[in-house]
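Numbering (UniProt numbering), first residue to last: 1 to 368.
Structure representation (structure tokens):
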């Protein structure tokens with residue numbers, strides 16, 4: 001049998017996040033999933049973290065069911081046999097069970113045993129990716145980082161193609177969380193044609209992340225080739241991101257702000273990129289302003305405001321902030337009502353976003 005450690009999935013990670021945001025339907029679904037998957041240890045953990053209220057009768061029932069499932073497999077392991085293949089299969093079933101029910105202590109111990117006893121790189125990749133998901137679910141940054149490092153080493157040593165492709169999705173997610181948007185966008189772009197990582201995110205969500213990261217990190221030509229001319233993207237259900245990318249690329253400035261608002265709204269509660277939505281919104285405004293102004297030395301603020309369908313006051317304030325930060329190169333003449341542009345060479349999209357992240361970090365330090 002092929003035990004690929006695809007449970008637990010990160011659906012439960014999403015539900016925990018949404019429950020913390022106060023969404024009652026997510027809480028209801030989280031509790032249902034914990035019961036269906038017999039996740040006694042995770043239920044107890046979430047009660048201790050005050051994410052869920054204690055239900056002692058339910059927890060006792062889950063503990064009894066967990067013990068029963070474990071005992072059934074332990075009974076198989078106690079059988080007298082010289083068949084090492086069979087014993088190895090039983091050990092994997094036990095390890096996978098502990099992972100499925102989110103008993104991290106026992107699960108991690110059995111994972112270490114399998115890694116020690118089995119030389120298969122593919123099995124090791126399955127284990128490291130599973131452990132990374134478990135670390136995310138319980139919020140253990142150290143477990144996540146160690147697991148991804150070991151998965152990266154396994155990738156370099158050479159496991160099978162399917163697992164290498166799956167690993168790219170994980171790497172894309174973690175690069176995105178680390179604000180390495182261009183690299184994340186490329187990784188998501190590479191896996192879309194043969195996507196097989198639904199235990200992490202859905203296909204449509206991977207497309208959404210690719211657009212999100214791509215608009216932050218890709219140059220104009222890459223936006224065209226990796227997004228707007230990519231059949232996997234254009235044939236997906238991700239319409240808001242495609243519309244925003246189209247408006248930017250085709251210079252449809254009249255609808256750009258609304259497209260930006262709708263795409264950002266769709267991401268604001270996302271467990272991975274919700275924290276970056278304000279940054280994304282700001283970087284997209286900077287990018288589109290630069291795109292409009294790159295052909296001009298002078299432009300009336302009134303004309304620019306009309307172009308985007310906003311007030312003169314809004315555009316003047318927004319442009320002024322970017323100029324003060326050194327993100328747009330020019331000056332505003334309030335008497336004449338114009339912006340005078342001084343182009344700066346040598347900055348690509350990734351450099352601009354990187355500079356923006358540095359500014360954000362400096363501001364946070366000042367606030368602290």
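We treat Cβ as the ideally placed atom computed from N, Cα and C, and that holds for glycine.
Just so we're clear, the structure is a prediction, and the values are computed from it rather than from any experiment.
Inset, instruction - Look at residue 238 and residue 198 and say whether their C-beta atoms are less than 7 Å apart. - result: no
Inset, instruction - For residue 314, count neighbouring Cβ atoms within 10 angstroms of its own Cβ and tell me buried if that reaches 16, exposed if not. - result: exposed
Inset, instruction - Have a look at residue 108 and residue 87 and give me their C-alpha separation to the nearest angstrom. - result: 19 Å
Legend entry - Same chain only: Cβ atoms within 7 Å of residue 95, ignoring 5 sequence neighbours per side: 107, 110, 111 and 114
Inset, instruction - Give the single residue among 214, 254 and 220 whose Cα lies nearest to the Cα of residue 241. - result: 214
Legend entry - Runs of beta strand (DSSP E) lying entirely within the stretch 265-306, each at least 3 residues, in chain order: 298-300
Inset, instruction - For residue 190, collect the residues of the same chain with a Cβ closer than 7 Å to its Cβ; drop the 5 residues on either side in sequence, then sort them by chain order. - result: 168
Legend entry - As assigned by DSSP and simplified to three states, the class of residue 200: coil
Legend entry - Minimum C-alpha distance to residue 156 - residue among 267, 124 and 133: 124
Inset, instruction - Compute the Euclidean distance between the alpha carbons of residue 232 and residue 243, then round it to the nearest angstrom. - result: 15 Å
Legend entry - Given residue 250 as reference, the closest of 261, 276, 340 and 223 once Cα atoms are compared: 223
Legend entry - Whole-angstrom distance between residue 35 and residue 439, CA atom to CA atom: Examination of residue 439 is not possible in this model, given that the chain is present from 1 through 368 alone.
Legend entry - DSSP three-state assignment for residue 160, whether helix, strand or coil: coil
Inset, instruction - Could you check which residue in 146, 75 and 85 has the C-alpha nearest to that of residue 118? - result: 85
Inset, instruction - Sort out for me which residues DSSP pairs residue 333 with in a bridge. - result: 338
Inset, instruction - Rounded to whole angstroms, what's the CA-CA distance from residue 294 to residue 186? Just pull it up for me. - result: 26 Å
Legend entry - Inter-residue spacing [alpha-carbon to alpha-carbon] between residue 273 and residue 188: 14 Å
Legend entry - Terminal residues of the alpha helix (DSSP H) in which residue 191 lies: 181-191
Legend entry - C-alpha gap between residue 6 and residue 31, whole angstroms: 20 Å
Legend entry - Coil, strand or helix - residue 57 by DSSP: helix
Inset, instruction - State buried or exposed for residue 217, treating a residue as buried only when at least 16 other CB atoms are found within 10 Å of its CB. - result: buried
Inset, instruction - Output yes or no for whether 7 Å exceeds the beta carbon distance between residue 38 and residue 138. - result: no
Inset, instruction - Mind listing, in chain order, the continuous alpha helix (DSSP H) runs of no fewer than 4 residues lying wholly within the stretch 3-61? - result: 11-20, 24-36 and 40-48
Legend entry - Per-residue burial, residue 104 [other beta carbons within 10 Å of its own, 16 or more giving buried]: buried
Inset, instruction - Flag this pair as yes or no: are the beta carbons of residue 151 and residue 121 separated by less than 7 Å? - result: no
Inset, instruction - Please classify residue 347: is it buried, with 16 or more other beta-carbons within 10 angstroms of its beta-carbon, or exposed? - result: Low confidence applies here, because residue 347 scores a pLDDT of 48, under 50, leaving its location unreliable; read the following figure in that light. Under this definition residue 347 is an exposed residue.
Inset, instruction - With distances taken Cα to Cα, identify the nearest neighbour of residue 271 among 320, 317 and 173. - result: 173
Inset, instruction - Using beta-carbon positions only, say whether residue 235 and residue 247 come within less than 7 Å of one another. - result: no
Inset, instruction - Would you tell me roughly how many angstroms separate the C-alpha atoms of residue 178 and residue 210, rounded to the nearest one? - result: 15 Å
Legend entry - Nearest residue (CA-CA) to residue 193, options 220, 165 and 184: 165
Inset, instruction - Whole angstroms is fine: what's the gap from residue 51's alpha carbon to residue 43's? - result: 9 Å
Inset, instruction - Determine the closest residue to residue 182 out of 226, 161, 141 and 162, with distance taken between C-alpha atoms. - result: 226
Inset, instruction - Evaluate residue 19 with the Cβ neighbour count: other Cβ atoms within 10 Å of its Cβ, from every protein chain shown; 16 or more gives buried, anything less gives exposed. - result: buried
Legend entry - Sub-7 Å separation of residue 339 and residue 320 beta-carbons: no
Inset, instruction - Using a threshold of 7 Å, state whether the C-beta atoms of residue 292 and residue 302 are closer than that. - result: no
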